[in-house]
Every structure is written in C-alpha cells, then in structure tokens.
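Worksheet: one structure, shown below.
Number of protein chains: 2
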Amino acid sequence: MDVAELVDRARERQPRAVAKLISLVEDASPKLREIAAALTPYTGHARVIGLTGPPGVGKSTSTSVLVTALRKAGQRVGVLAIDPSSPFSGGALLGDRIRMTEHATDPGVFIRSMATRGHLGGLAWATPQAVRVLDAAGFDVVLIETVGVGQSEVDVVGLADTTVVLLAPGLGDGVQAAKAGVLEIADVFVVNKADRDGADVVARDLKQLIAYGRREVRGESWRQPIVRTVASRGEGAEELVRALDEHREWLETRGELVRRRTRRAASEVEAIAVRRLRAELADLHGGGHLNGLAERVVERALDPYAAADALLAELKPGQ
Amino acid sequence: MDVAELVDRARERQPRAVAKLISLVEDASPKLREIAAALTPYTGHARVIGLTGPPGVGKSTSTSVLVTALRKAGQRVGVLAIDPSSPFSGGALLGDRIRMTEHATDPGVFIRSMATRGHLGGLAWATPQAVRVLDAAGFDVVLIETVGVGQSEVDVVGLADTTVVLLAPGLGDGVQAAKAGVLEIADVFVVNKADRDGADVVARDLKQLIAYGRREVRGESWRQPIVRTVASRGEGAEELVRALDEHREWLETRGELVRRRTRRAASEVEAIAVRRLRAELADLHGGGHLNGLAERVVERALDPYAAADALLAELKPGQ
C-alpha cells in the first residue's frame, strides 16, 4: 500500500492503518519523509496530554480512567505508552493488555506502546512523529504516558500541551525528593490513592512546593491544581478532566498553546536534523572514520575533543 | 586554579581535585577541551565495570559490598552513581549518603553521583568524560551504577568493559520480561537476595535465557556466569570479584577489551561532536532559525522533515 492510501485510511479511522503508520515511524522507514508531508496538512487538532509519575503510582489505571472519562465527553482518544526501554520492565506491554481489554471494543480508542530501545535520542525523535499520526487520524486527545524515570522519557512527556504528574502516598519520599524537577514539567498534579493514609500529607507537601515554585508566564501564573483520585474506583476522573479543560483554556487565552507547540515542533525538527547528522557521522568512510578516530583515542594519541574536531571537519569539509 | 594544576592534584589523589574535575564535566565547562587533553595521557589503566538492575534489586548494597571486596584485593575504586534524572527518584543521593558513611574514611574510594537531567544525550556525553577523570586519577576500577530503567541509562552502562546485571526474586516477572535486552548488555549476572524464596527460579530462568541467547564473539563465546549473592550480609562478593576477573581475562585474551574501549571512545567522540552540532543548530541566527522553522511547522506550512532540511542547509551552507 502506498503512503497516500495509508494516510487516507488512517484519516478514515481504520486502526490498522494508524498502527501501520506508527510502526513505520518506529522502524525509521525511508518513507517517513513522505509520510510526514502527507500527514502535516491534517494536524494541529489534537490536544496532547502527558502523564507521568513514579513506579507504583497507578499510571496505567489512571490512564484507563481518564480515557473512560474523555470518551464520556465524546472525545476520541489515542494513547502512546512510552516503554522506558528497560530490559527489565515489560510493564508497558502488560499494562497494554490490561487496558486493551477494557477499551478493546471501543473504536474511539487507540492504544499503542512505543519501544525505542537502543536508539540514543530515539524517544525524542519517534514520539512527536507518532503523535502526528494520531493527530492526523482525527483523535481529539493524544495521551502520552510514561514512567517518570529516565531522562529521555521525562523530557518527552514534558513537551505535551498539558503535563500531568501523578503522586501517591506510600511511595517513599516521593514528594520530598520531587523538588524542582516536577514543578518544571507539571501543569496538573494528581494525588492518586487519595483514600489511603498519607494522601493529605502528599497534598500538603505539594501545595507548599507549588507556593514556593510557582511558574511565571508573562507576568501571569498558572497555579497548578491538585486533583485527588482513586483511579482503581474511577473516583476523581471528572475533576481531572475539568482541570485539564481549565489548563487548555488558560493555554489558549495566554497564547501559550502556540508557544508550547512551537517548542515541541522545534524539538522534533532538531531531533530529525540531529539524527541525520549522526547518520552522516557514522557513514564517513563507511563508518571507518569514527572508528579510526576512536582507536587513536584508546591509544591516547588523540583526546576525544580533538577526535571530534577531526570528525566534524570531515562532515563539513567546506568550512 | 588552572587545569594543569587541577589535573596534577587529581593525579596525586586529592579527592577535592577529582570532585572539581567531575563538576566541570557536569557543568559543561568551557575548559573541558583543555581538561580532556591534559587527562588523556594518563588514561587507559582503569577497569570500567557497569552495574544495573531493576529498582529494589539491591544495587546500592551490592555496589557497596563490591567496593569492600575490591578494596580487600588492594584496588582503588571510583564509583559513578548515575541518577536516572527522575524528578521522583532522589534515590542516588540517598544511596550516596548510606554508602558514603561506610566508605567515607577510606581514601581509596571515591563516590560521586551524576545528575544530568535536562540535557538530551547528556549521560552519553558526560559519563565517559567522568570515567576519564577517575581513570587518570589512578583508580584501578571505575564502577558505573545505574537503575535499569531509561534508555540513556542502560545504554551508558552497557558501554563498560564488563557489565553486571542484577536480578532478585520477588520483583514481579523480572526475568520473564528481561528478554533479549539483558542478554545483550550482561557479561555477568547476579541473583541477589539468594536466600529468599524464588531465587532458584530466577537462576534457572536465567540459565535458560543464557543457553538460548549465548553471545558469539569471533566464533568463541563467553558464557555469562550467574553469581548468587546476599549483598545485605556481604555473601557472594568474592565469587562476584572472581567472575569479574575471569571476564577481564577473557576480554584481554580475545582482543575484546580494545574493541569495547574503541566502541566506548567512538560513543564519546560522537557525543561530543553531536553536542557541538546541536549547539550550532541552536545558535543559527541567534536561535531564531530553528524557532522560525518550528513556527512554520505548527502553522502546517512546512512538514518537520522539510524544516530539518532547511536547518541543515543553513548549518552546511557550502553543500
């Protein structure tokens, strides 16, 4: 099937075409350029929401509950579950299976786990392109879900229009350790397992953090709300959807939505450019150039900066 | 203090000079080029050992026990604890404090946690340079320890001379989920908490995995040993040291040590070159070029590949 036909079918909401396009992204298909060009005219509609939190916080359940609530509100939802590429995790796959059973029969939901292990910078490269596929396929909301460990993973989820950070009681010194990192990427906080002991402490600590580190945007601030949920019983989902809607409205009235999307597009364009440059570096003299330089570094005949100079000189011979 | 003096002091094993050099690496000091040139002649001595495993496997304790065993064998040990840059973790810092108390008074041990959050590709860039500092400072062994989640983190630890993967019973479907990923980076397996129920099952499953996925190197294979430890009681440390020594011998007799170090140097040189290219991309027209292209992508006037073309054309105007 050619790209145009595949894109047509994805826009007709055929799940297999959507899945195929995401697979082509993951496999770094040579057709990607053509795919991106074909998709671009149909993008810009979807709200992109990132969800992250420490292991054990109830991310999969929360995602599932949020999907249910968004479906009630008539929204079509695509979910990208970012596998943290751990050789140990397997979590995303398991989570998929659980969530798939609940939403499997619903044509308004598409769930996909992304595994990009072994590609440095692979997440930054593949995720926005997969978002683009779901956006063009007409999903109203794209949820990017990832466990909040790993620098690439957190970076990617922080590029959403709205980023939700989940915490829960009983996960060690989660909030104390959270510090500035969470404040930077969180637009909405969720305290899940809110029926458990310690939930009040988590919420109170969060409030202090927020008061301390309030983000300033053009002189006006978004005060991150704290939503309490018990995802396992579906409690708090409506409040979460409301908080997301309020943030969306704030984004739009402040011009911040365009700014965030520009930042995301910049990250995507940069990742595509860097990937191409890396391929060129690797290809110099059929890969022999980098290897030869590395051998000289191991022999201590060159330091790594001098070797990088030599590599770059070869990449840009005219300069 | 100038770089030459700092390097001299580090080579005289003054911990503050070593710490200062690693801080300069982490902060991407403009002096890095000079530092790398000054360090390079003194490198190549240290054995670089990577340690990883899922959360809860007992990595910090195992590292501490391994440090003790290596010290008994007369080795000076530097430890780089890679913080997985999670805004939630805080684990590395806590771990440091615990380990520091045990080894604080020992001048033959240097422990440092690396946090490089917020820099895409930061780990691949900073870690080999920090290893270089410890190597030049005369440490016989450099241990790189990281939790086995996050693509960048696993990539980095997989670039050691020898990579140890820890597993333990009671961590869910750890081994089943491990699959090929672990086999690719593990040279030595440790089943920690070997006194607990389920340790035999973990070891048996590992044996099957190894039999199934044995790594072939030039027609001869290294069969990954499985060492059982109870790190909390210091049990199995000698066996682990022996397994590490055997792997080291295998590396040397097969010429594999030079191959691995060349691969690591290539990764370092590439990371330095890519970082420089990224800085150049970001600097084009004072950052305005990338931003302007991103705006056009958001407006759907350009697809991201066409935008990347335009960015690269500006980077290499002669071509």
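Quick mapping for you: the protein sequence lines, in order, are chains A and B.
If you're matching positions, the first sequence starts at 1006 in this note's numbering and goes up one per residue.
If you're matching positions, the second sequence starts at 1006 in this note's numbering and goes up one per residue.
Think of the CB as a built atom: it goes at the ideal place given N, C-alpha and C, for glycine as much as any other residue.
Quick check: the Cα distance between residue i and residue j, rounded to an integer number of angstroms?
{"i": "Val1303(B)", "j": "Val1161(A)", "result": "18 Å"}
{"i": "Leu1056(A)", "j": "Ala1015(B)", "result": "44 Å"}
{"i": "Ala1033(A)", "j": "Glu1150(A)", "result": "21 Å"}
{"i": "Ala1024(A)", "j": "Asp1314(A)", "result": "42 Å"}
{"i": "Gly1239(A)", "j": "Val1062(A)", "result": "15 Å"}
{"i": "Pro1322(A)", "j": "Glu1275(A)", "result": "22 Å"}
{"i": "Ala1278(A)", "j": "Glu1300(B)", "result": "16 Å"}
{"i": "Ala1109(B)", "j": "Pro1020(B)", "result": "11 Å"}
{"i": "Ala1043(B)", "j": "Leu1011(B)", "result": "10 Å"}
{"i": "Phe1194(A)", "j": "Pro1035(B)", "result": "38 Å"}
{"i": "Thr1045(A)", "j": "Arg1253(B)", "result": "52 Å"}
{"i": "Ala1005(A)", "j": "Trp1130(A)", "result": "The structure shown has nothing for residue 1005(A), since chain A only spans 1006 to 1324."}
{"i": "Tyr1047(B)", "j": "Glu1107(B)", "result": "29 Å"}
{"i": "Ala1009(A)", "j": "Arg1038(A)", "result": "12 Å"}
{"i": "Ala1216(A)", "j": "Leu1164(A)", "result": "23 Å"}
{"i": "Leu1026(A)", "j": "Asp1007(A)", "result": "11 Å"}
{"i": "Ala1051(A)", "j": "Arg1305(B)", "result": "14 Å"}
Of all Cβ atoms in chain B, is any one closer than 8 Å to the Cβ of residue i?
{"i": "Val1308(A)", "result": "The displayed chain sequence assigns Asp, not Val, to residue 1308(A). Cβ-Cβ to chain B under 8 Å: yes for Asp1308(A)."}
{"i": "Thr1267(A)", "result": "yes"}
{"i": "Val1012(A)", "result": "no"}
{"i": "Ile1277(A)", "result": "yes"}
{"i": "Lys951(A)", "result": "This structure does not reach residue 951(A), given that chain A is present from 1006 up to 1324, and the question cannot be answered."}
{"i": "Ala1318(A)", "result": "no"}
{"i": "Gly1049(A)", "result": "yes"}
{"i": "Pro1035(A)", "result": "no"}
{"i": "Glu1273(A)", "result": "yes"}
{"i": "Val1263(A)", "result": "yes"}
{"i": "Leu1029(A)", "result": "no"}
{"i": "Pro1060(A)", "result": "yes"}
Return the Cβ separation of residue i and residue j in integer angstroms, given the expectation that the two are a contact with Cβ distance under 8 Å.
{"i": "Leu1282(B)", "j": "Leu1289(B)", "result": "Not confirmed; about 11 Å, so no contact."}
{"i": "Ile1334(B)", "j": "Leu1249(B)", "result": "Only positions 1006 to 1324 of chain B appear in this structure, which leaves residue 1334(B) out of reach."}
{"i": "Leu1085(B)", "j": "Val1147(B)", "result": "7 Å"}
Contact criterion: CB-CB distance below 8 Å. Does residue i meet it with respect to chain A?
{"i": "Ser1090(B)", "result": "Note that Ser1090(B) scores a pLDDT of 46, beneath 50, so its modelled location is shaky and nothing firm can be said."}
{"i": "Arg1117(B)", "result": "no"}
{"i": "Leu1282(B)", "result": "yes"}
{"i": "Asn1197(B)", "result": "no"}
{"i": "Leu1201(B)", "result": "The amino acid occupying residue 1201(B) in the given sequence is Arg; Leu does not appear at that position. Not one chain A Cβ lies under 8 Å of Arg1201(B)."}
{"i": "Thr1066(B)", "result": "no"}
{"i": "Leu1302(B)", "result": "Checking the sequence shown, residue 1302(B) turns out to be Val, not Leu. Cβ-Cβ to chain A under 8 Å: yes for Val1302(B)."}
Out of the options, point me to the one whose CA is closest to residue i's CA.
{"i": "Gly1079(B)", "options": "Val1053(B), Asp1314(B), Val1114(B), Val1263(B)", "result": "Val1114(B)"}
{"i": "Val1246(B)", "options": "Val1012(B), Thr1073(B), Glu1017(B), Thr1048(B)", "result": "Thr1073(B)"}
{"i": "Arg1137(B)", "options": "Ala1199(B), Glu1031(B), Gly1292(B)", "result": "Glu1031(B)"}
{"i": "Asp1065(B)", "options": "Arg1259(B), Lys1036(B), Arg1201(B), Val1235(B)", "result": "Rather than Asp, the amino acid found at residue 1065(B) in this sequence is Ser. Nearest of Arg1259(B), Lys1036(B), Arg1201(B), Val1235(B) to Ser1065(B), Cα basis: Val1235(B)."}
{"i": "Asp1166(B)", "options": "Ala1022(B), Leu1307(B), Tyr1310(B), Arg1268(B)", "result": "Arg1268(B)"}
{"i": "Leu1198(B)", "options": "Leu1320(B), Tyr1047(B), Trp1255(B), Ser1237(B)", "result": "The residue asked about is misnamed: residue 1198(B) is Lys in this sequence, not Leu. When only C-alpha atoms are compared, the closest one is Ser1237(B)."}
{"i": "Arg1209(A)", "options": "Ala1173(A), Leu1029(A), Ala1312(A), Gly1241(A)", "result": "Ala1173(A)"}
{"i": "Arg1259(A)", "options": "Leu1298(A), Glu1244(A), Ser1226(A)", "result": "Ser1226(A)"}
{"i": "Val1196(A)", "options": "Ala1216(A), Met1006(A), Glu1319(A), Pro1230(A)", "result": "Pro1230(A)"}
{"i": "Gly1333(B)", "options": "Ser1069(B), Ala1284(B), Asp1013(B)", "result": "It is not possible to answer for residue 1333(B), since the shown part of chain B is limited to 1006 through 1324."}
{"i": "Ile1190(A)", "options": "Leu1171(A), Leu1176(A), Leu1307(A), Ala1009(A)", "result": "Leu1171(A)"}
{"i": "Ala1242(A)", "options": "Pro1309(A), Arg1076(A), Arg1280(A)", "result": "Arg1076(A)"}
{"i": "Ser1028(B)", "options": "Thr1132(B), Glu1017(B), Ala1051(B)", "result": "Thr1132(B)"}
{"i": "Ala1287(A)", "options": "Leu1316(A), Leu1307(A), Glu1257(A), Leu1256(A)", "result": "Leu1316(A)"}
{"i": "Val1232(A)", "options": "Val1207(A), Leu1256(A), Gly1297(A)", "result": "Val1207(A)"}
{"i": "Ala1311(B)", "options": "Ala1270(A), Met1119(A), Arg1264(A)", "result": "Ala1270(A)"}
{"i": "Ser1118(A)", "options": "Asp1192(A), Glu1285(A), Ile1087(A)", "result": "Ile1087(A)"}
{"i": "Leu1214(A)", "options": "Gly1203(A), Ala1204(A), Arg1228(A)", "result": "Arg1228(A)"}
{"i": "Trp1255(B)", "options": "Glu1285(B), Asp1192(B), Leu1211(B)", "result": "Asp1192(B)"}
Helix, strand or coil for residue i per DSSP?
{"i": "Val1062(B)", "result": "coil"}
{"i": "Gly1291(A)", "result": "helix"}
{"i": "Thr1048(B)", "result": "coil"}
{"i": "Gly1260(B)", "result": "coil"}
{"i": "Ala1239(B)", "result": "Residue 1239(B) is actually Gly in this sequence, not Ala. Looking at Gly1239(B) - three-state DSSP - the assignment turns out to be coil, as it is neither helix nor strand."}
{"i": "Glu1150(B)", "result": "strand"}
{"i": "Ser1034(B)", "result": "coil"}
{"i": "Arg1233(B)", "result": "strand"}
{"i": "Leu1171(B)", "result": "strand"}
{"i": "Ala1142(A)", "result": "coil"}
{"i": "Thr1068(A)", "result": "helix"}
{"i": "Ala1109(A)", "result": "coil"}
{"i": "Gly1055(A)", "result": "strand"}
{"i": "Leu1164(A)", "result": "coil"}
{"i": "Gly1083(B)", "result": "strand"}
{"i": "Arg1117(B)", "result": "strand"}
For residue i and chain D, any beta-carbon pair shorter than 8 Å?
{"i": "Arg1038(B)", "result": "Of the protein chains in this structure, namely A and B, none is chain D."}
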